[in-house]
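A.B. asks:
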Amino acid sequence: MKTQKFNWLLVGMLLAFLKTINASAEPQLITTQIIGKGQPIILVHGMSCSSDVWDELVERYQGKYELHLVTIKGFGNKEMADVDFYLKQVKDELIAYTQEKKLKNPIIIGHSMGGFLGLWAAAEEPEVFEKVISVDGVPYFPVLQMPGITPETAKPMVESMKNAMVNMDEASALANQKMIVSSMIATEEKRAKVIEMGMNSNSAVVGQAYGEMYTTDIRPLMSNIKVPVLVFGSWAAYQNFGATKESVTLGYQNQLKEIKEVKLLVAEKAFHFVFYDEADWFYSEMEKFLND
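Residues in the sequence shown are numbered consecutively from 95, following the working numbering.
Structure follows, in structure tokens:
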């Protein structure tokens, strides 16, 4: 009997050891660069971008805030990690980073995919962040353009999108990147930098993350957010398809209605990169929110 109990004890210790080894072997998806001093702001870039997308924001605020520039593996770089749920792990790492660093009253600002991640993190851990700013990032973006779509109905199109991204040759990828960026940035001279970021990204990682954006609906979690949220939206890029500012605004409002304290601002002429196309307005409104 004693021998059997001892054997089970050894098995338990071995399993615990293997669990620790596996946890430590899990690839880290985010790295950070810290610039400036003051209240901490965590900056999370969007799809196919790098932290360089925030260069102008850093220039403006490095003397007032401690800026934590997040770089995600595979975005703006060719790195690759074999992870089942890429964005969920990034979200978990953002929360863990904030907690481990013991950041005091941190603000999280994200663009597009980064805004989605910021909202998700604030919903999962309502006590971690002081405020959230999402720049054209919503809880489930596909429904803005395809009413009625669900994570389940999106699965077939996700697989075809992922395959198309991975199998695209360089010339086709460049042409595709130029087309996408021109629909997301109205200011022509701002486009080249973002195109380069996209070309420097890992297509397999981008494809996986894009697919997860289609199959992850966090709208049911929005009522968990306890802190003030500011969301910047855009509509001008869609007016050629029959959209109006009123119809697009309603789409955003439906996505955000469960957040207890939320302010939605929809730009007049900016495309998806609001901080490039309407910079003065963007920074003015952002400062009001931060100082409130």
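Glycine included, every Cβ here is placed at the ideal spot set by N, Cα and C.
Predicted model only: the values in this text are computed from it and were never measured.
Just to confirm the assignment: which complete alpha helix (DSSP H) runs, minimum length 4, are found wholly within the region 228 to 281?
C.D. replies: Counting only runs of 4 or more, we get 236 to 239, 245 to 261 and 264 to 278.
A.B. asks: Which ranges would you report for the beta strand (DSSP E) in the region 276 to 329 if only whole runs of at least 3 residues count?
C.D. replies: Counting only runs of 3 or more, we get 323 to 327.
A.B. asks: Short check: CB of Ala215 to CB of Tyr308, under 8 Å?
C.D. replies: For the purposes of this step, residue 215 is identified with residue 121 of the sequence shown, where counting begins at 1. For the purposes of this step, residue 308 is identified with residue 214 of the sequence shown, where counting begins at 1. Not in contact: Ala215 and Tyr308 (Cβ atoms no closer than 8 Å).
A.B. asks: Contact between the region 183 to 192 and the region 146 to 154: three or more CB pairs below 8 Å?
C.D. replies: Not touching, per the Cβ criterion.
A.B. asks: Can you have a look at Asp230 and say buried or exposed, based on whether 16 or more other CB atoms are within 10 angstroms of its CB?
C.D. replies: What you label residue 230 is simply residue 136 of the sequence shown in a count that begins at 1. Asp230 is buried by the Cβ-count criterion.
A.B. asks: Buried or exposed for Ser145, going by 16 or more other Cβ atoms inside 10 Å?
C.D. replies: In the sequence shown, the residue the question calls residue 145 occupies position 51. Label assigned to Ser145: buried.
A.B. asks: Comparing alpha-carbon positions, which option in Lys320, His205 and Glu160 lies nearest Ser328?
C.D. replies: In the sequence shown, residue 328 corresponds to position 234, counting from 1. For Ser328, the nearest C-alpha among the options comes from His205.
A.B. asks: Sort Ile128, Ile129, Val342 and Lys351 by Cα distance to Glu362 and report the nearest one.
C.D. replies: Start at 1 with the first residue of the sequence shown, and residue 362 comes out as number 268. Residue Val342 is the option with its Cα nearest to Glu362.
A.B. asks: Just the C-alpha distance for Leu301 and Lys225, rounded to the nearest angstrom, thanks.
C.D. replies: Taking the first residue of the sequence shown as position 1, residue 301 is located at position 207. Taking the first residue of the sequence shown as position 1, residue 225 is located at position 131. One point to set straight first is that residue 301 is Gly, not Leu, in the sequence displayed. One C-alpha to the other measures close to 30 Å.
A.B. asks: Which ranges would you report for the alpha helix (DSSP H) in the region 170 to 210 if only whole runs of at least 4 residues count?
C.D. replies: List check, alpha helix (DSSP H) in window: 180 to 194.
A.B. asks: Can you tell me where the alpha helix (DSSP H) with Tyr346 in it begins and where it stops?
C.D. replies: Sequence index remark: in the sequence shown, residue 346 carries index 252 (1-based). Its alpha helix (DSSP H) spans residues Lys339 to Leu350.
A.B. asks: Buried or exposed for Ser378, going by 16 or more other Cβ atoms inside 10 Å?
C.D. replies: Walking along the sequence shown from the start, residue 378 turns up at place 284. Flag for Ser378 reads exposed.
A.B. asks: Could you check what DSSP says for Leu151 in three-state terms: helix, strand or coil?
C.D. replies: In the sequence shown, counting from the first residue as 1, residue 151 sits at position 57. If DSSP states are grouped into helix, strand and coil, Leu151 belongs with the helices.
A.B. asks: State whether the region 264 to 271 contacts the region 284 to 297, with contact taken as three or more CB pairs (one from each stretch) at a distance under 8 Å.
C.D. replies: Contact between the region 264 to 271 and the region 284 to 297 is present, because at least three Cβ pairs lie under 8 Å.
A.B. asks: Shortest alpha-carbon distance to His366 belongs to which of Pro250, Lys351 and Ala330?
C.D. replies: Residue mapping note: residue 366 aligns to position 272 of the sequence shown, counting from 1. Looking at the Cα atoms, Ala330 is the closest of the given residues.
A.B. asks: Near Lys217, what residues of its chain come up, given a Cβ to Cβ distance below 7 Å and the 5 sequence neighbours on each side ignored?
C.D. replies: Residue numbering aside, residue 217 sits at position 123 when the sequence shown is read from its first letter. With the sequence shown as reference, residue 217 is identified as Ala, and Lys is not the correct amino acid for it. If we look at Ala217 and ignore the five residues flanking it on each side, its Cβ neighbours are Ile312, Leu315, Met316, Asn318 and Ile319.
A.B. asks: Look up Ala373 in the DSSP assignment and say whether it is helix, strand or coil.
C.D. replies: By one-based count along the sequence shown, residue 373 stands at place 279. Of the three classes helix, strand and coil, the one that applies to Ala373 here is helix, per DSSP.
A.B. asks: In or out: Gln349 buried (at least 16 other Cβ within 10 Å) or exposed?
C.D. replies: In the sequence shown, residue 349 corresponds to position 255, counting from 1. It counts as buried.
A.B. asks: Cutting at 6 Å between CB atoms, please list the residues of its own chain near Glu355, excluding the five before and the five after it.
C.D. replies: As a position in the sequence shown, residue 355 is number 261, starting the count at 1. So the qualifying residues of the chain are Pro322.
A.B. asks: On a Cα-Cα basis, can you pick out the residue from Ala175, Leu384 and Glu352 that is closest to Leu213?
C.D. replies: Within the sequence shown, residue 213 is the residue found at index 119, counting from 1. For Leu213, the nearest C-alpha among the options comes from Glu352.
A.B. asks: From the DSSP output, which residues share a beta bridge with Gln127?
C.D. replies: Counting from 1 along the sequence shown, the entry for residue 127 is found at position 33. Paired residue(s): Leu163.
A.B. asks: At the level of alpha carbons, what is the spacing between Thr251 and Pro236?
C.D. replies: For this step, residue 251 is matched to residue 157 along the sequence shown. For this step, residue 236 is matched to residue 142 along the sequence shown. This sequence places Met at residue 251; Thr is not what is there. Their Cα atoms are separated by approximately 12 Å.
A.B. asks: Starting from the C-beta of Glu381, find all residues in its chain whose C-beta is less than 7 Å away, skip the five residues before and the five after it, and write them out in chain order.
C.D. replies: Here residue 381 refers to the residue found at position 287 of the sequence shown. Around Glu381: no qualifying Cβ.
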